[in-house]
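Below: one structure, written as structure tokens.
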Amino acid sequence: MTMTRKLDRRGFLRTGAAASAMTLGLPGIVRAQDYPSGNINVVIPTREGGGADRNFRAFTSVWKEKLGTDFEPGFFPGASGRVGYEIYMGKNEPDAYNLIFGNMGPEVLNWAVQPPSFPLEDYFYFGRVDTDPGALFVGAESPLQTMDDIIAASKERKLNVGTSRMAHPASIGLLALGEELGIEFNLIPLSGGKNTVAGAVTGEVDFSVLTSGSVIAAGDSVKTLLVFGENKVGEGLDNAPNINDAYNMSLPEMLSSRAFAIHQKAADDYPERFDLLQSTFKETFEDPALMEAYVASKGTPEYLNYGGVEECAEFMAAMLELGERYKPLLTGA
Amino acid sequence: MPLDPKDPPRQLGGELVIPVLAVAFTLYYFSSIWNSPWTAQVSAFMVGGILLLVCAMFFLRAILWLSRGQASLGVGNLFSIEDLRTGRIGLIATTVAFCVFIDQLGFTLTTFLFLALSMIILSKGKSPLLIVAISAVMALGGWAVFIWAFDTRFPRGWFEGVMQAVIANG
Amino acid sequence: MGDTATILTEVFFETISFWWVIVPTIFLGLIVGGIPGFSAANTIIILMPLTLSMSLETGLIFMVSLYCSARMGAGIPAILVNIPGTAGAAATPLDGYPMTKQGKGQQALAMTFVASSLGGLLTTIIALAAMPLLARVGFYMHSVEMIVVMLFGISLIASIAAQDMLKGLIAGFLGLMIGSIGTDVVYATPRGTFGFLELYDGVPLIPALVGLFAVSEAFMIIEKRLIITEDAQKAMARPSWHATFEGVGIAFKRWWHITWTSLIGLVIGVIPGAGASIASFVAYQQSRSFSKTPEKYGTGHPEGLIAPESANNGVTSGTLVPLLVLGIPGGATAAIMLVVMQFHGVSFGPSLFEESPKVGYGMFMAMAVSYFLMILTILPLSRYMSRVTTVPTIYLAPMIISFTLVGAFVPREYMFDMYLALAFGVLGYIARRTGYHVAAILIGVILGPLLERYFLWSLKKSDGDISILFSSTLGNILWVGLVLSLVVPIWLDMRRKKNAQKDQEEIPIQ
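Protein chains in written order, with our numbering: chain A, 1 to 333; chain B, 1001 to 1170; chain C, 2001 to 2510.
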């Protein structure tokens, strides 16, 4: 057993990532500049070992080669991401050595429901890593096996729909679908993706909506019927159609979308540092090593999707607007 | 529950602390959900309502006992001179200090100081060398497990800084 | 069937050949299980790079044996120094620690090891045999049914409170109220958080656990030189293997008790989302309800220790069932196993036993072999572990405090959690000094949020119609069972008292 090895996990990961980068034959572009002169600290507002963690490690394993410095994650889970953001905005220096790796979908929707202690303009997302649309799915043994089944059943009774939490893009997708079809669904927040899948499989709820990455991971115990956006993985989501195609709607994609964000003040005070972050972030996407790192980390490479400041701002605005619109349904107020 | 009249009066002062805390907390909790949706309220009002009820019954029983002279408002079961003599007050104080100072002094040093100081207080100054040795071993062991091996986010002070530099160069 | 038997035999011998992985892992698991704040789940995360670099088989065996041994490890400090290492061991000190105080720590440990291993081994075999059937349990145990299961556990407050019912209820309901801190599960409205974001997800369990049990206990024990009584000291002065054998004997004599309480654990374990803490409280409550000597519970009664320990090890095998058969992890550790297995390209779910039966059977086999090897490796250690109780309290108390406050910090790495553990320590200390049961508070803190969650899910599903609570057949059966398990002991007790009275009346005539 290799148990006798020193158990420094961050060291492990660093060496592991470096080794894999080397085997991939990456050109190490190190820039002769003052910045960065140390590690970049990244707040991750979710648990270590979760989806964001894996995603972060795969992405930064390539990005760090471009920027010429390491990324050091700090995990601050709690209150649906609020703790991490509050710590980032309240305690971390706005000097471009501190970033936050958040999820623009649910976390921004959260702000619409209950604003944070800091003004929203004080930070902004500048680098979108992936876009993962929400999906609607039933348990493999559910009596409801098609969208038509669901629509027919909902004419007889109000269907219970599992979701990981109220303020989530997938929940909004369902509410929008209900509006379009004139059906009232009863959203049951089952606290987390694991329970949401379990709820649909065991019949606690009639069906569930969830970020599609987690639905793909659930394998053949569930069947996907609808995607709140483009179905880029095809078979993995049972070739389910896009909600807009299926019902002739023009709903913006309901995404879970991970992105790096930075203090507004850091971008203002250190424009050249921010430029370097932006340009290297973009270069990372142009490097085929990124795709390989994603495949190696068992991510869904189809969901890798570059976005810059503009795309992120647009998405954040759309989320805030939708959050405002559905606020009564999401907060019970 | 009738008390035996031959017993010395039951000291109710200490026993009242928990119900008073419970009532205060419940009222605060209620105030925090007064304007919330029903989902936030239903269970809390049920549980809190029962808690207030049992506390009220306890207070009534206490008043009854007090009026009959079966109980007093003494706090002897909560504080006594024994607590000072055994070093219990000292231990509680060092525990609070441990939590307060760990942020500034770092994990290893604070743990060492806490262990050494509280053991010396409890042993009333006997075998200080042994105590210092035990404390040092424990603190260093904690450092090795939590900071060096598992790399947790424990507060770091100068000791951790020095050790990091030593390891990095060594 | 013949195929399955061949696969099983093959897998058995393969697993045994991995003893060199299992034995060191058992020790690692005992250690991380014993340190509050660490668990099998976060150890696997911390060692993730290592786990992922192992071959599929090695990784699987490593994770499974770590899971089992960490569960058993959590019981050790619970018995010896009143520190449950995880919420799953929260019911263990109720009778385990009093045994230690009486100088029977070594017996208690031996008993736990046997109960845990037998319970674990037995439920593993049953789980393997009845997997498809057990996997269906989750299809019937929905939120309504789970409310009743929670109430089984919570009703323990009433039994614990028997001496002074008012004070017991105050403690229990205060615990439930503290457990209600955090956002509501439906609309995420923050409640009773004093403005702390760290409390939005509810009161973190480890700080509550170590504060109420360990820190407050540390303040109490310094009155005496040792935590064990004077008589016990004399007995402990002559260490021998005898106590270990005695413990083993006591446990084996109660094989039936181990069997049925571990089955409670198994059934609760297969329900996705339920866990070891519920199972151990329910098992303890049931064990007490059907005991002929309920008044002995809480004073160091062997059954009071065997019940929660066999139950929480039953949960361990139970959580594998939904993971393997449905692809739904039953708990945190199972969820991480899922991630690791997916990394190796194995997908759990209905097709697992068709596509890679060796993985499916292999996990159970790894569990069975781990339990088997565990009893062999750990039992001899009980003699040495129990020596901890001979450390004078002036050294033990500060060590317990620093060790557990640090443990409170570990799961989330927030300083806040350390302060919280201190606050719970002070609350627990006041409670102990003034005759309130900390266990009653703790049951409320642990089970309260779970009860509320299932309750709100049910109510949200019915749009607020309370009659949903009595809408399912299985639920109604459970309700009847709950009422019976509360009423029957009272009735039995009354009958016993009546008989005793009759006997007394008869004596003078003789």
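Where is the CB? At the ideal position from N, CA and C, for every residue including glycine.
(message) I need the boundaries of the beta strand (DSSP E) containing N98(A), first residue and last residue.
(response) Here the beta strand (DSSP E) through N98(A) covers 98 to 103.
(message) What would DSSP say about A2274(C), mapped onto helix, strand or coil?
(response) Looking at A2274(C) - three-state DSSP - the assignment turns out to be coil, as it is neither helix nor strand.
(request) Let me know if W63(A) comes out buried or exposed under the rule of 16 or more other beta-carbons within 10 Å of its beta-carbon. (result) Result: buried.
(request) Could you confirm whether any beta carbon from chain A is found closer than 9 Å to the beta carbon of L2338(C)? (result) Interface residue, yes.
(message) I'd like the span of the beta strand (DSSP E) that includes T224(A), first residue to last.
(response) Counted as a single uninterrupted DSSP element, the beta strand (DSSP E) harbouring T224(A) occupies residues 222 to 227.
(request) May I have the straight-line CA-CA distance separating I29(A) from T60(A), to the nearest angstrom? (result) Note that I29(A) scores a pLDDT of 40, beneath 50, so its modelled location is shaky; the value from the coordinates is reported in the next line. The alpha-carbon atoms of I29(A) and T60(A) are separated by roughly 14 Å.
(message) Quick check: what's the CA-CA separation for S2143(C) versus G199(A)?
(response) Spanning the two alpha carbons is a distance of roughly 10 Å.
(request) Check whether the Cβ of R1088(B) lies closer than 9 Å to any Cβ atom in chain C. (result) Taking Cβ atoms only, chain C reaches closer than 9 Å to R1088(B), which makes this a yes.
(message) Is the separation between the beta-carbon of E2057(C) and that of F2018(C) shorter than 9 Å?
(response) Yes, the pair counts as a contact, with Cβ atoms nearer than the cut-off.
(request) Starting from R2433(C), find everything on chain B with Cβ-Cβ shorter than 7 Å and list it in chain order. (result) Chain B residues near R2433(C): G1014, N1077, L1078.
(request) Go to D268(A), then tell me how far its alpha helix (DSSP H) extends in each direction, as first and last residue. (result) In the DSSP assignment, D268(A) falls within the unbroken alpha helix (DSSP H) covering 264 to 269.
(message) Please state the DSSP three-state secondary structure of P1009(B).
(response) P1009(B) falls in the coil class under three-state DSSP.
(request) Indicate whether the contact test is met: 3 or more Cβ pairs, each with one atom in the region 118 to 130 of chain A and one in the region 150 to 159 of chain A, closer than 8 Å. (result) No: fewer than three Cβ pairs fall under 8 Å.
(request) Could you work out which residues of chain C lie near M1163(B), taking near to mean beta carbons separated by less than 7 Å? (result) Counting only Cβ-Cβ distances below 7 Å, M1163(B) has no contacts in chain C at all, with the closest Cβ about 17 Å away.
(request) Note down, in chain order, every chain B residue with its Cβ under 9 Å from the Cβ of G332(A). (result) Within chain B, the residues near G332(A) are S1036, P1037, W1038, T1039, A1040.
(request) Inspect the beta-carbon positions of I2336(C) and M2146(C) and report whether they are closer than 9 Å. (result) Taking C-beta atoms as the reference points, I2336(C) and M2146(C) fail to come closer than 9 Å.
(message) Within 10 Å of its beta-carbon, does E314(A) have 16 or more other beta-carbons around it, so buried, or fewer, so exposed?
(response) Residue environment for E314(A): exposed (fewer than 16 other C-beta atoms within 10 angstroms of its C-beta).
(message) For G51(A) and A218(A), I'd like the C-alpha separation in whole angstroms.
(response) Each residue's alpha carbon lies about 14 Å from the other.
(request) Determine which residues of the region 2454 to 2476 of chain C have a Cβ less than 8 Å from any Cβ of chain B, and write them out in chain order. (result) If the cut-off is 8 Å between Cβ atoms, the region 2454 to 2476 of chain C has F2455, L2456, L2459, K2460, G2464 near chain B.
(message) Quick check: the Cα distance between V1096(B) and S2402(C), rounded to an integer number of angstroms?
(response) V1096(B) and S2402(C): Cα-Cα distance of roughly 11 Å.
(request) Please go through the same chain and pick out, in chain order, the residues whose beta-carbon is closer than 7 Å to the beta-carbon of G25(A), but skip the five residues on each side of it. (result) Caution is warranted here: a pLDDT of 39 is assigned to G25(A), below 50, making its placement in the model unreliable, and no coordinate value can be reported.
(request) Express the C-alpha separation of V295(A) and F2364(C) in angstroms, rounding to a whole number. (result) Distance from the CA atom of F2364(C) to the CA atom of V295(A), rounded to whole angstroms, is 30 Å.
(message) Give me, in chain order, the residues of the same chain whose beta-carbon lies closer than 7 Å to that of L144(A); leave out the 5 immediate sequence neighbours on both sides.
(response) Result list for L144(A): V138, I150, A153, D206, F207, in chain order.
(message) Once the 5 residues before and after G81(A) are set aside, which same chain residues still bring their CB inside 6 Å of it?
(response) Apart from the 5 residues on each side of it in sequence, G81(A) sits with its Cβ closer than 6 Å to the Cβ of P45, E107 in its chain, given in chain order.
(request) Under the assumption that G2172(C) contacts I2443(C) (Cβ atoms under 8 Å), give the Cβ distance between them as a whole number of angstroms. (result) Between I2443(C) and G2172(C) the Cβ distance is about 7 Å, and since that is below 8 Å, they are a contact.
(message) Just verifying my parser: in three-state terms, what is the DSSP assignment at A32(A)?
(response) Per-residue confidence for A32(A) stands at a pLDDT of 39, beneath the threshold of 50, marking its modelled position as unreliable; no derived number is given.
(request) With DSSP collapsed to three states, give me the class of D130(A). (result) Strand at D130(A).
(request) Examine chain C for any beta-carbon lying closer than 9 Å to the beta-carbon of S1118(B), and answer yes or no. (result) At least one chain C Cβ lies under 9 Å of S1118(B).
(request) Please name the residues in the region 166 to 190 of chain A whose beta-carbon is closer than 9 Å to at least one beta-carbon of chain C, in chain order. (result) Taking 9 Å as the Cβ-Cβ cut-off against chain C, the residues of the region 166 to 190 of chain A that qualify are M166, A167, N186, L187, I188, P189, L190.
(message) I'd like to know if G74(A) contacts chain B, where contact means its C-beta is closer than 9 Å to some C-beta of that chain.
(response) Closer than 9 Å to the CB of G74(A) there is at least one CB belonging to chain B.
(request) Just list the alpha helix (DSSP H) runs in the region 2380 to 2433 of chain C, keeping only unbroken ones of 4 residues or longer that don't cross its boundaries, in chain order. (result) Annotation: the region 2380 to 2433 of chain C contains the following complete segments of the alpha helix (DSSP H) (minimum length 4 residues), in chain order: 2382 to 2385, 2393 to 2409, 2415 to 2433.
(request) Taking a Cβ distance cut-off of 9 Å, strictly less, list which residues of the region 2366 to 2398 of chain C are near chain B, in chain order. (result) Cβ proximity to chain B below 9 Å picks out P2392, T2393, I2394, Y2395, A2397, P2398 from the region 2366 to 2398 of chain C.
(request) Could you pull the start and end residues of the alpha helix (DSSP H) that I1167(B) belongs to? (result) 1158 to 1169 is the extent of the alpha helix (DSSP H) around I1167(B).
(message) Determine whether the beta carbon atoms of S2287(C) and E2303(C) lie at a separation below 9 Å.
(response) Their beta carbons are under 9 Å apart, which means S2287(C) touches E2303(C) by this criterion.
(message) On the DSSP bridge list, what partners appear for I183(A)?
(response) Answer is none; I183(A) lacks a bridge partner.
(request) Determine, using beta carbons only, whether I2228(C) and G2103(C) come nearer to each other than 9 Å. (result) It is a contact, given that the beta carbons lie within the stated cut-off.
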